[in-house]
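Just so you know, we're using our numbering here: the sequence shown kicks off at 141 and counts up by one. No residue lacks a Cβ here, since even glycine has one placed at the ideal position from N, Cα and C. First comes the structure, then the notes that go with it.
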Amino acid sequence: MSGETPLEVNKRLWDGLVAINARSAYYDVEGFKSGKSTLRSIEREALGNVRGKRLIHLQCHFGLDTLSWARLGANVTGVDISGKAIELARSLASELGIEATFVQAAVDDLPDVLDGTFDIVFTSYGVLCWLPDLERWAKVIAHVLEPGGTFFIADFHPFLTTFHSERGADLLEVASSYFPGDGPVRWDDLPSYADPSITVPGPSYEWTHTLGDVVSALAGVGLRVRRLEEYPVCTYAYFPFMEEGEDGWWRLKGQKGSVPLMFSLLATKD
Ligand SMILES: C[S@@+](CC[C@H](N)C(=O)[O-])C[C@H]1O[C@@H](n2cnc3c(N)ncnc32)[C@H](O)[C@@H]1O
């Protein structure tokens with residue numbers, strides 16, 4: 141392990157997580173195979189009709205969302221750093237007869253390995269914390285986006301990581317800084333978001349980015365931010381003291397007020 145960069149360590153982590161996640165109820169691969177979409181109302185409503193659009197999905201994991209966009213008529217390309225994730229995404233596409241292109245690459249390296257531009261750049265739920273440099277990320281987005289195209293992200297709110305998420309905690313306690321320190325934060329093991337009964341052995345490295353960093357990075361490459369929304373709901377039980385509503389979103393139980401758990405942002409390229 142010594143001598144590995146944080147990105148190489150994370151790539152190995154994600155290679156190991158693919159099989160675990162593919163078996164989890166969270167990803168429900170069997171449901172997906174039988175026709176269920178993994179897309180949520182937030183991104184469906186934001187991007188509207190994608191039929192005939194060229195859509196690139198950054199950090200696509202093993203491609204369920206990418207293939208769900210394809211089922212809605214988009215011409216899709218998924219990108220992920222994990223070779224195992226890309227392998228499974230390709231195999232699902234071929235098994236289900238869905239046309240899709242999957243590329244193994246770190247987001248930062250994308251312009252070196254992919255030609256062409258896209259009408260939509262999409263990325264979601266658990267992505268920003270794996271990126272070392274948001275200015276580079278924004279440059280890549282601007283590079284692959286066609287003029288007139290749309291960028292959309294939905295992710296966990298950066299404010300969320302300020303609090304403890306350890307099992308056994310029962311209230312929100314500020315545990316770490318909202319603002320980035322020097323370099324990434326190293327985790328030795330973490331509960332799996334896809335299956336809380338599993339502890340994922342580390343190490344892994346995550347970077348802290350504020351909401352301001354996200355907006356400034358995108359504005360810095362000339363993208364026009366059209367909409368920034370924050371939500372008091374989450375895709376899973378980020379904290380142990382959360383409950384799932386009938387709408388499938390998870391909310392904090394017994395808090396006096398709400399805190400932002402997720403955000404989404406839509407930007408366009410002139
Ligand atoms: C939480 S998952 C993405 C979630 C996705 N919305 C889903 O639920 O399938 C994060 C993904 O980011 C990928 N990843 C991490 N760092 C990356 C990087 N620097 N470049 C490209 N992909 C990366 C991982 O391999 C993993 O598949």
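Bounding residues of the alpha helix (DSSP H) (the contiguous stretch that carries Ala357): As a first step, residue 357 must be located in the sequence shown, where it is residue number 217. That run of the alpha helix (DSSP H) goes Leu351 to Gly360.
So Leu406 and Val354 are in contact, right, with Cβ under 8 Å, and what is the actual spacing, rounded? Taking the first residue of the sequence shown as position 1, residue 406 is located at position 266. Taking the first residue of the sequence shown as position 1, residue 354 is located at position 214. Not a contact, Cβ separation roughly 12 Å.
Mapping DSSP to helix, strand and coil, what is Asp255? Against the sequence shown, residue 255 aligns to sequence position 115. Asp255: coil per DSSP, three-state reduction.
Would you check whether ligand 1 has a heavy atom nearer than 7 Å to the C-beta of Gln199? To locate residue 199, count along the sequence shown from 1; it is residue 59. Gln199: yes, Cβ under 7 Å from ligand 1.
Start and end residues, beta strand (DSSP E) containing Gly458: Nothing in the structure corresponds to residue 458, since the chain is present only between 141 and 410.
Rank Val190, Val399 and Phe202 by C-alpha distance to the C-alpha of Thr302 and give the top, closest one. Your numbering for residue 302 matches position 162 in the sequence shown. The candidate whose alpha carbon is nearest that of Thr302 is Val399.
Alpha carbon of Glu193 to alpha carbon of Thr241, nearest angstrom: Looking up residue 193 in the sequence shown gives position 53. Looking up residue 241 in the sequence shown gives position 101. A small fix is needed here, since residue 193 is Lys in this sequence, not Glu. Computed Cα separation, rounded: 14 Å.
Since Thr290 and Leu198 are thought to touch, with beta carbons under 8 Å apart, how far apart are those beta carbons, to the nearest angstrom? As a position in the sequence shown, residue 290 is number 150, starting the count at 1. As a position in the sequence shown, residue 198 is number 58, starting the count at 1. That pair is no contact at about 14 Å.
Only counting the same chain, and skipping five residues up and downstream in sequence, which positions put a Cβ closer than 6 Å to that of Met141? Within the sequence shown, the letter at position 1 stands for residue 141. No answer about Met141 holds up, because its pLDDT of 49 lies below 50 and its placement is not dependable.
From Val340, Ala359, Gly385 and Asp249, pick the residue whose C-alpha is nearest to that of Gly156; which is it? The residue labelled residue 156 in the question sits at position 16 within the sequence shown. Answer by Cα proximity: Val340.
Which whole runs of the beta strand (DSSP E) in the region 178 to 242 are 3 residues long or more, in chain order? 194 to 198 and 215 to 220
Within 7 Å: the Cβ of Ser264 and any heavy atom of ligand 1? Looking up residue 264 in the sequence shown gives position 124. Correct: Ser264 has its Cβ closer than 7 Å to ligand 1.
Pick from Thr375, Ile281 and Trp154 that is closest to Leu392, judged by C-alpha positions: Locating residue 392 in the sequence shown gives position 252, where the first residue counts as 1. Cα-wise, what sits closest to Leu392 is Thr375.
Neighbourhood of Ser332 by C-beta, 6 Å cutoff - its chain only, sequence neighbours within 5 removed: The residue given as residue 332 occupies position 192 in the sequence shown. So the qualifying residues of the chain are Ile338 and Val340.
Count the other CB atoms within 10 Å of the CB of Thr206; is the residue buried (16 or more) or exposed (fewer)? Along the sequence shown, read from residue 1 onward, the residue named residue 206 stands at position 66. Counting Cβ neighbours within 10 Å, Thr206 comes out buried, since at least 16 surround it.
Count the other C-beta atoms from every protein chain shown that fall within 10 angstroms of the C-beta of Asn161, then say buried if there are 16 or more, exposed otherwise. Counting from one through the sequence shown, the residue named residue 161 turns up at place 21. Buried is the call here.
Endpoints, the beta strand (DSSP E) within which Phe403 is located: Stepping through the sequence shown from its first residue, residue 403 is reached at position 263. It spans Met402 to Thr408 - the beta strand (DSSP E) in which Phe403 sits, taken as one unbroken run.
With distances taken Cα to Cα, identify the nearest neighbour of Asp329 among Leu153, Glu148, Gly143 and Leu147. As a working mapping, residue 329 is identified with position 189 in the sequence shown. When only C-alpha atoms are compared, the closest one is Leu153.
Just curious, the beta strand (DSSP E) that Cys342 is in, first and last residue? Walking along the sequence shown from the start, residue 342 turns up at place 202. Inspection of the sequence shows that residue 342 is occupied by Gly rather than by Cys. It spans Thr339 to Glu346 - the beta strand (DSSP E) in which Gly342 sits, taken as one unbroken run.
Considering Val149, what are the terminal residues of the alpha helix (DSSP H) in which it resides? Here residue 149 refers to the residue found at position 9 of the sequence shown. Val149 -> alpha helix (DSSP H) spans Pro146 to Ala162.
Compute every distance between the C-beta of Asn150 and the non-hydrogen atoms of ligand 1, then say whether any falls below 7 Å. Indexing the sequence shown from 1 puts residue 150 at position 10. Checking every heavy atom of ligand 1 against the Cβ of Asn150, one is found closer than 7 Å.
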